[in-house]
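Down below is the structure, laid out as structure tokens.
In my numbering, the protein residues as written are 434 to 536.
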């Protein structure tokens, strides 16, 4: 459910595109990839989906007051996923994979 190229593409474009990006400069803080950053990427993807809701692109500003509830919804969902897969450490493995694929 959380393994899709779109998620990795968003994260790479923002944090790992070149050596001056935060994911590269501050690598020790991104391994494994932070859960909050992963949830933010999910929220950004939902914003893009909303832009195409009508079938035509309508620019939507990605503003905290408009997307905080969406962020929290994704955070709750990811926490449930973590709880349900805790015995095999799936979320930790996923976040490590996101970091490793960021390079």
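Glycine is no exception: its CB is placed at the ideal position from the N, C-alpha and C atoms.
Out of 504, 455, 478, 495, point me to the one whose CA is closest to residue 441's CA.
-> Here residue 441 corresponds to residue number 8 of the chain shown, with the count starting at 1. Answer by Cα proximity: 478.
If residue 436 sits next to residue 508, beta carbons under 8 Å apart, how far is it from one beta carbon to the other, in whole angstroms?
-> Taking the chain shown and counting its residues from 1, one reaches residue 436 at position 3. Taking the chain shown and counting its residues from 1, one reaches residue 508 at position 75. So it is not a contact: roughly 18 Å between Cβ atoms.
Is it the case that the Cβ atoms of residue 474 and residue 444 are separated by a distance below 7 Å?
-> Translated into the one-based positions of the chain shown, residue 474 becomes position 41. Translated into the one-based positions of the chain shown, residue 444 becomes position 11. Yes. Within cutoff.
Helix, strand or coil: how does DSSP classify residue 510 here?
-> Working through the chain shown from its first residue, we reach residue 510 at position 77. In this structure, residue 510 counts as helix in the three-state DSSP scheme.
Is there contact here, the segment 445-458 with the segment 528-536, by at least three beta-carbon pairs under 8 Å?
-> A contact exists between the segment 445-458 and the segment 528-536.
What number of angstroms, rounded off, separates the C-alpha of residue 469 from the C-alpha of residue 486?
-> By 1-based counting over the chain shown, the position of residue 469 is 36. By 1-based counting over the chain shown, the position of residue 486 is 53. The alpha-carbon atoms of residue 469 and residue 486 are separated by roughly 26 Å.
Given residue 483 as reference, the closest of 503, 467, 471 once Cα atoms are compared = Here residue 483 is taken as the residue at index 50 of the chain shown, counted from 1. Per the Cα distances, 503.
If you run the structure through DSSP and keep just helix, strand and coil, what is residue 535?
-> Here residue 535 corresponds to residue number 102 of the chain shown, with the count starting at 1. Per DSSP, reduced to three states, the secondary structure at residue 535 is coil, with no helix or strand assignment.
When you compare each of 497, 465, 467 to residue 480 by their alpha carbons, which one comes out closest?
-> By 1-based counting over the chain shown, the position of residue 480 is 47. That would be 497, whose Cα lies nearest to the Cα of residue 480.
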